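*Asks:* Following this message is one structure expressed as structure tokens.
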Amino acid sequence: IDFKIRTIELDGKRIKLQIWDTAGQERFRTITTAYYRGAMGILLVYDVTDESSFNNIRNWIRNIEQHASDNVNKVLVGNKADMDESKRAVPTSKGQALADEYGIKFFETSAKTNLNVEEVFFSIARDIKQRLTESDNKAEPTALKINQQDAAASVDQAAQKSGCC
1025 IDFKIRTIEL
1035 DGKRIKLQIW
1045 DTAGQERFRT
1055 ITTAYYRGAM
1065 GILLVYDVTD
1075 ESSFNNIRNW
1085 IRNIEQHASD
1095 NVNKVLVGNK
1105 ADMDESKRAV
1115 PTSKGQALAD
1125 EYGIKFFETS
1135 AKTNLNVEEV
1145 FFSIARDIKQ
1155 RLTESDNKAE
1165 PTALKINQQD
1175 AAASVDQAAQ
1185 KSGCC
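1025 is the number of the first residue of the sequence shown in this note's numbering; add one for each residue after it.
What follows is the structure, given as structure tokens:
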């Protein structure tokens, strides 16, 4: 597993991204399930020149659905977009269709030429920030107004109903 920390600036705030790269290797599947629990965002990356890596995305999504929080942000990423079309095994339309099926964003990138790499990280960071902001707004306590006359009347009624020796 390759682990990196990347700090980006988003809307004037510094955000630290912890990036865990398992390279989709099956031997890391048990380790990754432990990290899913605390993850706020997951990038599902496949190689556009390798159809089997694309076909394995559904397995990773099932694994994420079993082990990650329900509201984790996910982005589908087709890497090696810089490769010659003759080497491409997965058309862009197929990647987009899979992303649409799961209701997640889709990007094609090239780690070699840096095509869309920054955009992917900023996109998922922005989506996570928005989700956290929305959940904070929903969690704000609602005000409760108590009419003092009603409260006093209730106390008087309770005193009248109770009796003593």
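Using N, Cα and C, we set each Cβ at its ideal position, and we do this for glycine too. As the structure is a prediction and not an experimental result, all values here were calculated from the model.
Within a Cβ cutoff of 7 Å, which residues of the same chain sit near Lys1136, ignoring the five residues on either side of it in sequence?
*Replies:* If you number the sequence shown from 1, residue 1136 lands on position 112. Taken in chain order, the residues that qualify are Asp1106.
*Asks:* How about Thr1031 and Ile1039: do their beta carbons lie closer than 8 Å?
*Replies:* Counting from one through the sequence shown, the residue named residue 1031 turns up at place 7. Counting from one through the sequence shown, the residue named residue 1039 turns up at place 15. Their beta carbons are under 8 Å apart, which means Thr1031 touches Ile1039 by this criterion.
*Asks:* Count the other CB atoms, across all protein chains shown, that sit within 10 Å of the CB of Pro1115; report buried if there are 16 or more and exposed otherwise.
*Replies:* Residue mapping note: residue 1115 aligns to position 91 of the sequence shown, counting from 1. Per the 10 Å Cβ criterion, exposed.
*Asks:* Assign Asp1104 to buried or exposed, taking buried as 16 or more other Cβ atoms, counted over all protein chains shown, within 10 Å of its Cβ.
*Replies:* In the sequence shown, counting from the first residue as 1, residue 1104 sits at position 80. The sequence as given places Lys at residue 1104; Asp does not occur at that position. Counting Cβ neighbours within 10 Å, Lys1104 comes out buried, since at least 16 surround it.
*Asks:* Which runs of the beta strand (DSSP E) fall wholly inside the stretch 1072-1157 and span at least 3 residues, in chain order?
*Replies:* 1097-1103 and 1129-1132
*Asks:* Using DSSP bridges, identify the partner residues of Gly1065.
*Replies:* Taking the first residue of the sequence shown as position 1, residue 1065 is located at position 41. Asn1097.
*Asks:* Start and end of the beta strand (DSSP E) containing Asp1026?
*Replies:* Translated into the one-based positions of the sequence shown, residue 1026 becomes position 2. It spans Asp1026 to Leu1034 - the beta strand (DSSP E) in which Asp1026 sits, taken as one unbroken run.
*Asks:* Does the beta-carbon of Phe1078 have 16 or more other beta-carbons within 10 angstroms, so that it is buried, or is it exposed?
*Replies:* Looking up residue 1078 in the sequence shown gives position 54. Buried, because 16 or more other Cβ atoms sit within 10 Å of the Cβ of Phe1078.
*Asks:* I'd like to confirm the pairing. Which residues does DSSP put opposite Tyr1070 in its beta bridges?
*Replies:* Indexing the sequence shown from 1 puts residue 1070 at position 46. In the DSSP output, where bridge partners are listed per residue, Tyr1070 has Gly1102.
*Asks:* Does the Cβ-Cβ distance between Gly1102 and Val1072 come in under 8 Å?
*Replies:* Taking the first residue of the sequence shown as position 1, residue 1102 is located at position 78. Taking the first residue of the sequence shown as position 1, residue 1072 is located at position 48. Their beta carbons are under 8 Å apart, which means Gly1102 touches Val1072 by this criterion.
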